[in-house]
Every structure is written in C-alpha cells, then in structure tokens.
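Participant: Protein chains in written order, with this note's numbering: chain A, 51 to 251; chain B, 51 to 251; chain C, 51 to 251; chain D, 51 to 251. We put the beta carbon where it would ideally sit given N, CA and C, even for glycine. None of these values were measured; they are calculated from a predicted model.
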DNA sequence: TATGAATGAGTCTTCATTCAT
DNA sequence: TATGAATGAAGACTCATTCAT
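1) Is the CB-CB distance between residue 107 of chain A and residue 190 of chain A below 8 Å?
2) Tell me whether the beta-carbon of residue 239 of chain C lies closer than 8 Å to the beta-carbon of residue 206 of chain C.
3) Among A:213, A:118, A:217, which has the Cα closest to the Cα of residue 149 of chain A?
4) On the DSSP bridge list, what partners appear for residue 194 of chain B?
5) Helix, strand or coil: how does DSSP classify residue 171 of chain C here?
6) Tell me, please, whether the stretch 75–90 of chain C touches the stretch 53–66 of chain C by the rule of three or more beta-carbon pairs shorter than 8 Å.
7) In the structure shown, what three-state DSSP assignment does residue 132 of chain B receive?
8) If I follow the unbroken alpha helix (DSSP H) through residue 215 of chain C, where does it start and stop?
9) So which residues of chain B does residue 213 of chain A contact, with C-beta pairs closer than 8 Å?
10) For the stretch 70–102 of chain B, which residues have a beta carbon sitting closer than 7 Å to at least one beta carbon of chain A?
11) Can you tell me the Cα-Cα spacing of residue 133 of chain D and residue 229 of chain D, whole angstroms?
12) Span of the alpha helix (DSSP H) holding residue 116 of chain D?
13) Indicate the three-state DSSP secondary structure (helix, strand or coil) for residue 251 of chain C in the structure shown.
14) Grab the span of the alpha helix (DSSP H) containing residue 84 of chain A for me, first residue to last.
15) Any residues in the stretch 118–142 of chain A with a beta carbon nearer than 8 Å to a beta carbon of chain B? Which ones, in chain order?
16) Near residue 199 of chain B, what residues of its chain come up, given a Cβ to Cβ distance below 8 Å and the 5 sequence neighbours on each side ignored?
17) Take residue 140 of chain D and list the residues in its own chain whose beta-carbon comes closer than 7 Å to its own, dropping the five residues that flank it on each side.
18) What are the residues of the stretch 165–189 of chain B that lie near chain A, defined by any Cβ-Cβ distance shorter than 8 Å?
19) I'd like to know if residue 246 of chain C contacts chain D, where contact means its C-beta is closer than 8 Å to some C-beta of that chain.
20) Compare the Cα-Cα distances from residue 164 of chain B to each of A:69, A:51, A:121 and report the closest residue.
21) Tell me which residue opens and which closes the alpha helix (DSSP H) that residue 70 of chain D is part of.
22) Could you tell me which of B:146, B:154, B:126 sits nearest to residue 223 of chain B, measuring between CA atoms?
23) Write down the C-beta distance between residue 209 of chain B and residue 243 of chain B rounded to the nearest angstrom, noting that I regard them as a contact closer than 8 Å.
24) Can the beta-carbon of residue 159 of chain C be found closer than 8 Å to that of residue 166 of chain C?
25) List, in order along the chain, the chain A residues whose C-beta lies closer than 7 Å to that of residue 241 of chain B?
26) When DSSP labels each residue in this structure, what does residue 231 of chain A get in the three-state scheme?
27) Residue 124 of chain D by DSSP, collapsed to three states: which one?
28) Can you find the residues in the same chain that come closer than 7 Å, C-beta to C-beta, to residue 248 of chain A, ignoring five residues on each side of it along the sequence?
29) With a 10 Å radius around its C-beta and 16 neighbouring C-beta atoms as the bar for buried, classify residue 137 of chain D as buried or exposed.
30) DSSP on residue 88 of chain B, reduced to helix/strand/coil?
31) Are any of the Cβ atoms in chain B nearer than 8 Å to that of residue 234 of chain A?
32) Check residue 162 of chain D in the structure and name its three-state DSSP category.
33) Measure the alpha-carbon distance for residue 251 of chain C versus residue 197 of chain D and round it to whole angstroms.
34) Quick one: does residue 158 of chain C have its CB under 8 Å from some CB of chain D?
35) For residue 75 of chain D, which of helix, strand or coil comes out of DSSP?
36) By how many angstroms is the C-alpha of residue 122 of chain A removed from the C-alpha of residue 195 of chain A?
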C-alpha cells in the first residue's frame, strides 16, 4: 500500500479511537489492531503516540480555521447575518462529517499536555480576536452598544461552544437543522450586544 | 492522627496536584510524597486513585450546587438581578478560594472517564434546568421574549463557563472585581432574551 | 527482606550475568529471573539497567583503587619490590574472589558508552600517573635509566593487564601462585627500565 | 553498480560507523543511510548485521597478520632489530590509514560475542606463539635470559597493545614518529628479557 | 539487482495496588 | 492505623530481518 494511503488509514482509526476512549485509554495496540497493521508499521508513519495525536489535532484546527471566514463587508456581499450563519453552519457540518472532532476537541485534547492546551487555546484566542474586531467595528458604526468587547467576544465563543457540545451530545439534536440552531444563538447574542432596535445588517 | 484529619490533609494535597498536573500526570507517589505518608496509608483512606479523584469532584460539585441558589421571587426578597449577581459572584469567589477547582473541573475531569463526564454533565444539566425554569417563568410573566428556552439556558451556561475560564486563565483578570464581570455577562445575556425595553426586575 | 540485602542480592546476580553474557545480552528479565524477584522490585532498587551496571563498575574500580597502595619509601617499610608484588598480588586475589570482575572490566565495560569508557580510562590514567611518579623518583635516585617515563608506565600497565587477562582466561593458570606470576612481570619490566646492574631496592 | 564495488562501499561506511559508535549503537538504518542504499540492498550483499561486522573484523585481522612478518635470520637480511621495528611501524601505519581499525579492534569487537572474542584472541595467540618462538630461539643462542617465555611474550603483546591504544587515543601522540615510539617499547622489552650486556642483534 | 513497506519479537520502564509486619 | 517492600500487568518503542514489487 502506498505510504500516504496507509497514513490516512491509520489516522482514521486513531481518530475514532481517541474520540471514543480518549487519549490515555487508547493504546498503540488498540490502534494497530483496529488498523490491522503490525506494531512496527505504526512507527513507520508516526514518530509517537503523541505525534499522531498532534497530527490529528493540527488537522482539526486547520479545518476549523478554514471553515470560519471573516465577514465580507463589501456592498455586493451577502448580508452579515447570512455570512455569520454560514460560518456557524459550516462548523456544525464539519463536525457532523468528521464525527470524532467534537469528542477530541472538546474533551480528548483537554488537559493532556501544556502544548496541546496551548494549541487549542491559541485557536480560541484567534477566534476571540476576530470577533472582538467585528464588535469594535460595529461599535464605531453605532450598531454595537457600549460594552467590554473582549468579554462579549468570549461570551459568544462560550455560547457557541456550548451549543456545539449540546448538538453532539444530545442524540435528538443530531437531526435538527443546524442553521436554525445557529440562528437561535446568533439572535440571542446579537440582541445582547447591539443597540436597542438595531439588528445585524 | 485522627482519621478525618488525615483524609482531609491527603485530599488537599491531591487537589493541588490534580489541579497542577492533571489526573494522569499525578501519581500516587506524588500524592503520598506531598502528604508525607506511606503508600499503604493512602489505601487505608481511599479505595483508589479514581476514588480520591471522585471524592474531590463530588465535593466540588456539591460546593458549586450550594453556591447557586434559586432566585427568590417573594416580594421582600432582593431584586432578581441582585440575586443572580450574588450567585455568579459566589461561584467566582468559591473558585478563588479553592484555587484548584477551575483546573480540575474545566480540564482535569474532562474526558477522563465516562462516569466522571456524566457527573459533570449532570451538574450542568441541572443548572440548565434551573435556568430554563426561570426563563419559562419570565416568559409567562411577559418579560422573556419568544425563544428556545433550552438553547437559551445552554447558551447562558456556556457564556458563564467561558467567563470563568477567562478569569482563571488570564493573570490580569484575577484582580478584577468579580461582580463587575458578572454584571457584564448578565447584561448581555438578559438583553438577549428579554423583550425589548424590559430589564431583569 | 531488608532493602540493603535485596540490593546486594540483585547486584550479585547482575554481576554474574553481565560477566557471563555481557551488557547487551543481559536483559532485565534475565536479572530478575536470576534474582527471583518481580520486575518492579528491580526498579525499586535501581533506576536503570545502566544504573545497576554503573554501580557495579564503580564498585569494582573502587575496590581496585583500594587494592593498589602507593609504595612506602620510609626506612622501616618493607622493600619496594615486596610492596609492588603485594600490590599485584592483591589485585589478582581480588579478581579471584570477585570472579566476574575481569570479564566486566576487560570486556563488558569496553565500548559500551562514552561515560563508562571514560571511567575505566580515568582509572588507568591514575594508575599510569602513579607509576610515572615512581619512575621519575627512581630516575632522580639514579636507579632508572633514561627513558620516556609515560611510555614506560603505560607499557607496564599494558603488561599487567595482559597478564591478568591471561590468568583469567587460561584455565591452567588459575591454580598458579599469583605471586610468582607477579614476580615474572615485575622482573622483566624492572630490568627494562633500570640502569645496568641495578635492581629494585 | 558492480556488486564488488557496492560491497566495498557499504563495508567502508559500516567500518566508519562501527568505529565511531560501536556495534550496538550502529543500526542497519545508519549504515544504509550513510551508504545511500535501500534496506533490502544491504541484505543482498550481507547476510546479517553480524555478517558485515564479521567480514570487517576478518579483513582487519588478515591485514594485521600480513603486516607482521617473521624475522628473517639469514645473514643477508637486515638486523633483527630493524625487522622488529619494521613490523611495529607497519602496524602503526596500517592503523593510521584504516582509521577505524583501532576503535573496532580494541573496543568495538570486545565482549560482543564469544565467537568474535575467540577470533581476536586467536590472533593474539598466534602472535604470542610467534614471539615465544623468537624468545626460545634467542634463549638457545644465549641471548635471552632465563624466563617464562610465554609470560614474556604475553607481556610484550600487552605492552604493544597499550602503546597502540595510547597512540590512537592521545591526540598529541598522533603526529609523533611511529618508529621512535616503537623503539622505546622495543628497548624496554628487550632489556627486560635479554642477558646482561646483550642487545638485539 | 534494487527497493522500501511491513513485520513482530523483544526491551525497557511505569505505576496502581497488595500485604506481611 | 501505619508502613514500605513487593508485585506484575500493561504500555511505548526499537530494530534486525523479510518479501512483494
């Protein structure tokens, strides 16, 4: 089998196992048994148990980063609300397709290791910054009311994370229309930070 | 030494270690070294490594549960806003006193074990239910606007969790007035869910 | 069993195994099987496979160092020749009692590791220095002829090492009187470096 | 590439690596990386890791054997002293050209394996026998004094080995005139075993 | 002849837990 | 209650060797 194929195959099995049982409860033996390969073969493709996890985490954060695009404020662009909903929907759909991402990102990668924590936190921090930027812009345009923008951005992040958690933990939620859930969160948050009577353009 | 004293002393050291290094990176050797006891003595007081962690987690969840009291709507009670702020402030203060709670609750106990996850989720679920109840009541009183109350409650939870995380991860935040941070979150959320022009009574 | 006893017991078995099979061909499994202990017990007493070997090597070099005493030149002391023969005899007897020393020192510890090599070489270097000192003194007293004292000392060392090797590799030599062998080497070497007609006082 | 060329090239790299890092610390991966060949190719040319080492060792012992020629006692031959010095000088020069020989012969091949040890010891044994023969002859001619010729031969061997070790471990020695060092050793030894007033013819 | 992916036996090491004293 | 020596299952990782292409 070609090297890249084999890598991908191992990664897939590892992702499932890490998602299901967590990092510590997944042994190399588990991974190679699932992938149907020999012990040595694993180490042919990955330096480490840590290494394969890092690769998975990096891939996920990259996918996420690519899913979230900065709102385009040019006149011909779709409405800001549409664009924000698109962002959220894309993330939900990403998590739906790569089924093990939520488990790994929300629990598996937490508290494992200073470096992993830092990676995830950096991602959140970048997202917070992005949102803070939008809030500050809105403030200048007279749309956003007076508030601590960093706290507000962080709150939005927390709200979305919790919503995602809810989606992927509540069996019944899974069938629900992601865009509707997204709208629900967006509406509450936007009313919370916008001036009276104003809505996202 | 009195058995209860000894237990408490061990628990304290364990809490610090679990908070600092996480569950897997804290060994029984670490705990007994810190507590200055012999290996066997540990097992005289706790059944397990898992056991002592469970006890810590249970204690924390109990403390938290006691910190959050249902809003008293009787006429002579303080305003609902005051009571909500009191709740949040109590939690922040609890986390400030028991320094290792945030690290253990937010990262240490995450993804360790199905049962631990369930415990923490049950706590959040109960909190969500409590908040849902308030939102439904507010809805009946015409204060809360039409929205998915479960999602709204979950969002509030996520927002508060994120705020707490922010407080205990950002050195600069640590000195800040907890009540002010609490108000910031509460204001955004209440504007988000209340009818136009209405504020928490 | 008391800790020190256990250590000693493990060391003894390890010495035998390292001597018989060499460092790399002796596994921890071999050692614990020989000592009749559990795997964990080994690591209770030694940090490492390297650790136990280092301890053995250090002990041997210490024993050797103590066996070789500087020649006492005071008038009431025994003759220098006697003292030199005593030194050599003590080393031979040490090797005879601690049967695994020759194998470990001459082959087991060679080329294993830069640090081990350095340890052994340092020991030889110290011995060479000691001998050089005697040769220089003898030169001043007009006993030793003109020669490169460092080379001469090194030669003496090599000659003794070879003789020891011979003793412990040739079954037939083992019964032989160590003092006689020692005298043989000493005589050749002393004729080689002393002035004509002079012998060791 | 011509098979013999390829073999030679691999051997050369292996010699360097074995010399620098020792047998156990040199992996097949190291060798093929250095030689720039594929893993399988190595096994096309050598049966084994052991196999290539054995081939190297055999080659070295053969080279050494050829360097040392029996002293020619016919009248028209150069003086015995010249011939002996020539022998020693040839060995030193051989070691200087094939830089990894000393490291492999003196440390790398030591204690690896009973069979390797035996090979090296057989070589030394043959050398010892050769020297014993000369000593016995000298004894008959009245040049060599009464002594245990085997012990004497062994001593000579040890002395030369040590000198070689010294030469290839002491950076400062490396430039030195090999013939001068050889003479130093030869003089000491010959005075040691010859009758008073006699020198090597 | 050459390649390099695959193998799996073997090694060291850790650590939660037990138990005789 | 307290001790700490002993246990051994379990885990990560290495590396010489094989073999299909």
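Facilitator: To lay it out plainly:
1) Going by C-beta atoms, residue 107 of chain A is not nearer than 8 Å to residue 190 of chain A.
2) Judged by their CB atoms, residue 239 of chain C and residue 206 of chain C are nearer to each other than the 8 Å cut-off.
3) Of the candidates A:213, A:118, A:217, the one whose C-alpha sits nearest the C-alpha of residue 149 of chain A is A:217.
4) DSSP lists B:244 as partners of residue 194 of chain B.
5) In the displayed model, residue 171 of chain C falls within a helix according to three-state DSSP.
6) Contact check between the stretch 75–90 of chain C and the stretch 53–66 of chain C: three or more CB pairs, one atom from each, fall below 8 Å, which counts as touching.
7) It is helical.
8) Counted as a single uninterrupted DSSP element, the alpha helix (DSSP H) harbouring residue 215 of chain C occupies residues 199–219.
9) Here the neighbours are 201, 204, 205, 208.
10) Cβ proximity to chain A below 7 Å picks out 72, 74 from the stretch 70–102 of chain B.
11) Straight through space, the alpha carbons of residue 229 of chain D and residue 133 of chain D are spaced by roughly 12 Å.
12) Where residue 116 of chain D is concerned, the enclosing alpha helix (DSSP H) stretches over 99–117.
13) In the structure shown, residue 251 of chain C sits in coil (DSSP, three-state: anything other than H, G, I, E or B).
14) That run of the alpha helix (DSSP H) goes 78–85.
15) Near chain B, meaning a CB-to-CB distance below 8 Å, no residue of the stretch 118–142 of chain A qualifies.
16) Once the five neighbours on either side are set aside, the close Cβ partners of residue 199 of chain B are 182, 185, 186, 189.
17) Excluding the 5 residues flanking it on each side, residue 140 of chain D has same chain C-beta neighbours closer than 7 Å at 117, in chain order.
18) Within the stretch 165–189 of chain B, contact with chain A at the beta-carbon level (separation under 8 Å) is assigned to 167, 171.
19) With respect to chain D, the C-beta atom of residue 246 of chain C has a partner C-beta closer than 8 Å.
20) Checked all of A:69, A:51, A:121; the closest Cα to residue 164 of chain B is A:69.
21) 53–71 is the extent of the alpha helix (DSSP H) around residue 70 of chain D.
22) It is B:146.
23) So it is not a contact: roughly 11 Å between Cβ atoms.
24) Their beta carbons are under 8 Å apart, which means residue 159 of chain C touches residue 166 of chain C by this criterion.
25) The answer, in chain order, is 241, 242.
26) The answer is helix: DSSP assigns residue 231 of chain A an H, G or I state.
27) Here DSSP, grouped into helix, strand and coil, assigns residue 124 of chain D to coil.
28) Cβ neighbours of residue 248 of chain A beyond the five flanking positions: 193.
29) So residue 137 of chain D counts as buried.
30) Coil at residue 88 of chain B, not helix or strand.
31) It does: the Cβ of residue 234 of chain A has a partner Cβ on chain B nearer than 8 Å.
32) DSSP places residue 162 of chain D in coil when its eight states are reduced to three.
33) Roughly 21 Å between the two C-alpha positions.
34) Interface residue, yes.
35) Residue 75 of chain D carries a coil assignment under DSSP once its states are collapsed to helix, strand and coil.
36) Each residue's alpha carbon lies about 21 Å from the other.
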